[in-house]
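Numbering (the working numbering), first residue to last: 40 to 347.
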């Protein structure tokens with residue numbers, strides 16, 4: 040097995056220039072490199088109030104943590120935000136050991152959380168980042184206060200065959216028209232090409248050969264095993280899942296709620312940044328209130344699985 044790598048020095052230089060421009064859109068980012076068993080992970084921290092538990096955000100396929108930029112500006116007034124560049128994908132993280140399974144993904148993510156010294160945190164992931172976030176919640180939930188899944192791939196519904204087949208368009212060896220078709224299928228090609236975040240997302244598949252596990256759909260028992268309060272935000276026009284099926288399957292999560300946004304595509308956070316931030320913050324606050332209620336001897340008021 041291999042590790043993720045840039046396709047050449049020129050591609051790396053062009054990508055990192057675009058990467059720096061994307062990071063510059065974040066509110067006062069502070070960079071840190073965190074060691075893990077599979078390589079060094081770049082994390083950008085955008086400081087917020089010191090008291091509430093911080094948010095850890097995982098981006099989608101082929102995008103660094105700065106892919107959350109439009110949402111982060113609505114979050115930092117309430118909480119500190121840590122943005123992670125996933126191992127094996129384009130960004131400033133440096134993979135050194137192959138990732139052989141989703142257990143390895145949960146392992147490096149746990150090492151990042153521990154390396155940041157987070158004893159309590161909220162986790163949100165979009166697309167593949169949602170699938171990775173789910174894996175941490177399933178395998179190593181220590182300190183995790185809440186989980187938000189934003190149109191997650193292969194988590195609540197299987198990615199349709201047509202879309203999975205087009206995933207070859209995420210490879211730098213794919214013809215440019217195929218890469219464009221893949222982005223359009225995901226709903227990410229409608230962004231302003233001059234936007235720094237859109238540019239770094241477009242350059243990722245052209246510049247970097249990713250080496251990340253292809254996750255399978257979790258079993259029903261896996262969903263039932265996750266006890267963390269979980270919010271699923273689903274695009275009604277998503278191409279990676281059927282929103283109705285995903286919402287129904289989210290009911291297997293013991294402390295889960297699911298929302299379908301009828302007009303949203305897979306690019307839900309980019310289309311609705313303020314609304315996405317509001318839902319993440321409200322979910323985190325609600326989960327914390329449920330914990331406090333339990334400490335005071337009250338019943339856990341966080342709802343069982345629900346839908347909207």
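Where a beta carbon is used, it is the ideal one built from N, C-alpha and C, also for glycine.
Out of curiosity, what's the CA-to-CA distance linking residue i and residue j?
| i | j | result |
| --- | --- | --- |
| residue 302 | residue 274 | 7 Å |
| residue 200 | residue 253 | 14 Å |
| residue 147 | residue 326 | 25 Å |
| residue 171 | residue 100 | 11 Å |
| residue 289 | residue 322 | 16 Å |
| residue 317 | residue 233 | 27 Å |
| residue 196 | residue 298 | 14 Å |
| residue 208 | residue 190 | Bear in mind that a pLDDT of 46 at residue 208, under 50, signals an unreliable position, so the model cannot answer this. |
| residue 330 | residue 161 | 13 Å |
| residue 306 | residue 300 | 12 Å |
| residue 164 | residue 122 | 10 Å |
| residue 260 | residue 184 | 21 Å |
| residue 139 | residue 103 | 21 Å |
| residue 57 | residue 237 | 10 Å |
| residue 284 | residue 332 | 33 Å |
| residue 89 | residue 324 | 15 Å |
| residue 181 | residue 159 | 8 Å |
| residue 133 | residue 157 | 22 Å |
| residue 294 | residue 334 | 18 Å |
| residue 46 | residue 328 | 48 Å |
| residue 91 | residue 75 | 26 Å |
If you check the beta carbons only, do residue i and residue j fall under 8 Å apart?
| i | j | result |
| --- | --- | --- |
| residue 80 | residue 151 | yes |
| residue 269 | residue 292 | yes |
| residue 198 | residue 265 | no |
| residue 272 | residue 194 | no |
| residue 257 | residue 107 | no |
| residue 60 | residue 235 | yes |
| residue 143 | residue 44 | no |
| residue 42 | residue 174 | no |
| residue 117 | residue 262 | no |
| residue 267 | residue 155 | no |
Just to confirm my understanding: we take residue i, look at its own chain, exclude 5 residues before and 5 after, and list those with CB closer than 6 Å. What are they?
| i | result |
| --- | --- |
| residue 179 | 145, 149 |
| residue 71 | 82 |
| residue 115 | 66, 85, 87 |
| residue 276 | 304 |
| residue 192 | 166, 167, 170, 198, 279 |
| residue 281 | 196 |
| residue 243 | 101, 129 |
| residue 119 | 86, 87, 93 |
| residue 48 | none |
Kindly list the residues whose CB is nearer than 7 Å to the CB of residue i, restricted to its own chain and excluding five residues on each side of it in sequence; keep chain order.
| i | result |
| --- | --- |
| residue 62 | 68, 83, 105 |
| residue 141 | 174, 252, 254 |
| residue 286 | 273, 297, 299, 346 |
| residue 240 | 101, 102, 106, 227 |
| residue 137 | 40, 41, 42, 250 |
| residue 229 | The predicted model places residue 229 with a pLDDT of 49, which falls under 50 and marks its position as unreliable; any figure quoted below should be read in that light. If we look at residue 229 and ignore the five residues flanking it on each side, it has no Cβ neighbours. |
Any heavy atom of the ligand GDP within a distance shorter than 7 Å of the CB on residue i?
| i | result |
| --- | --- |
| residue 277 | In the structure on display, the ligand GDP does not appear, and there are no ligands present to speak of. |
Whose C-beta lies closer than 8 Å to the C-beta of residue i among residues of the same chain, with five residues either side of it excluded?
| i | result |
| --- | --- |
| residue 176 | 162, 183, 186, 265, 267, 269 |
Minimum length 4: unbroken alpha helix (DSSP H) runs contained in the stretch 78-140:
108-111
Assess contact between the stretch 303-312 and the stretch 104-119, defined as three or more Cβ pairs (one per stretch) separated by less than 8 Å. Is contact present?
yes
Hey, is the stretch 91-99 in contact with the stretch 47-57, meaning 3+ C-beta pairs nearer than 8 Å?
no
Taking contact to mean at least 3 C-beta pairs separated by less than 8 Å, is the stretch 127-142 in contact with the stretch 241-255?
yes
Entirely within the stretch 260-293 and at least 3 residues each: give me those beta strand (DSSP E) ranges in chain order.
269-274
Complete alpha helix (DSSP H) runs within the stretch 151-184 (minimum length 4 residues, chain order)
167-178
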